[in-house]
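Everything below concerns the one structure shown next.
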Amino acid sequence: MEENEWSPPHAHEPNPEAPSADASIVLHLEGREVRLTPEMLHALPQITVPNCRIVSTGHGISGPFTFGGIALWEIVNSYSGSPWTTVDIISADGFRTRVTAAELVPATPRPILLALSLDGRPLSRAEGLVRLIVPGEVDDALRQVKWISEIRIRQ
Ligand SMILES: Nc1nc2c(c(=O)[nH]1)N[C@H]1C(S)=C(S)[C@@H](COP(=O)(O)O)O[C@H]1N2
Ligand SMILES: [Mo]
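Each residue of the sequence shown is one higher than the one before, starting from -17 at the first, in my numbering.
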């Protein structure tokens, strides 16, 4: 798939509702698949990233929020045994973004995370559980993918 196909497939208007009740994620790795449930993610090391804003150009800016969860690099590190270049994050409603290796550096101060909590309480399914938070995206919310259903680690 070409890089430019990874811009969102629809107009910049977010879907208001969760596509399903199931918050588990299928992680696609070289030659195998792993189903990650929110419970499994809770068992991995948790981080928080304060002062995150969701910058919708359609319905305004919300936040600042403190999102909590697991760093995306932690998932890639824990599960991927082979070299990789990109991580594709896809939601059940067809929203998606591509994360590059350059963006997934351990020990960055504001890492990309799989969010499980918001301001210290569990994120609801309606709010996007499990949601990708890209703290570096500050003028749009196109990468803040709600309801992640697939993560594809690519060579
Ligand atoms: N799965 C999914 N994630 C999504 C979207 C969407 O339609 N589906 N819309 C994006 C856009 S355009 C915006 S502005 C924000 C809205 O997030 P909010 O509902 O928390 O304000 O979600 C982003 N993430
Ligand atoms: Mo948006």
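Even for Gly, the Cβ is constructed at its ideal location relative to N, Cα and C.
When you measure from the CB of residue i to every non-hydrogen atom of ligand 2, does any distance come out below 8 Å?
i	result
Thr39	yes
Ala123	yes
Using a threshold of 8 Å, is the CB atom of residue i nearer than that to any non-hydrogen atom of ligand 1?
i	result
Val112	no
Phe49	no
Trp129	yes
Asn(-3)	yes
Glu132	no
Asp4	no
Gln126	yes
Ser99	no
Ser64	no
Ser44	yes
With a CB to CB cut of under 6 Å and the five nearest residues on each side skipped, what residues in its chain are close to residue i?
i	result
Trp55	Leu86, Pro88
For residue i, which residues in the same chain have their Cβ closer than 7 Å to its Cβ, ignoring the five residues on either side in sequence?
i	result
Trp129	Ala0, Pro1, Ser73, Ala74, Asp75, Gly110
Phe47	Cys34, Leu100, Asp101
Val37	Ile43, Val120, Asp121, Asp122, Ala123
Residue i to residue j, Cα distance in whole Å?
i	j	result
Glu(-15)	Asn33	Unreliable placement is indicated for Glu(-15), whose pLDDT of 48 sits below 50; the coordinate value is still reported in the next sentence. Roughly 29 Å separates the two Cα atoms.
Ser131	Gly42	26 Å
Val81	Ser44	23 Å
Pro65	Gln137	6 Å
Leu9	Glu(-5)	27 Å
Pro(-2)	Arg17	25 Å
Ile57	Asp122	25 Å
Val120	Val127	14 Å
Met(-17)	Ile7	Model confidence at Met(-17) stands at a pLDDT of 48, short of 50, so the residue's coordinates are unreliable and nothing is read from them.
Ala84	Leu114	17 Å
Pro91	Val116	12 Å
Leu23	Asp4	14 Å
Arg14	Arg134	11 Å
Thr67	Ser60	16 Å
Ser106	Val112	9 Å
Ala25	Thr39	35 Å
Ala108	Ile29	22 Å
Asp70	Arg103	27 Å
Val31	Pro93	8 Å
Determine which residues share a DSSP beta bridge with residue i and list them.
i	result
His10	Glu15, Arg134
Ile52	Leu96
Asp121	Per DSSP, none; premise fails for Asp121.
*How do the stretch 48 to 55 and the stretch 91 to 106 stand: do at least 3 beta-carbon pairs fall below 8 Å, yes or no?*
yes
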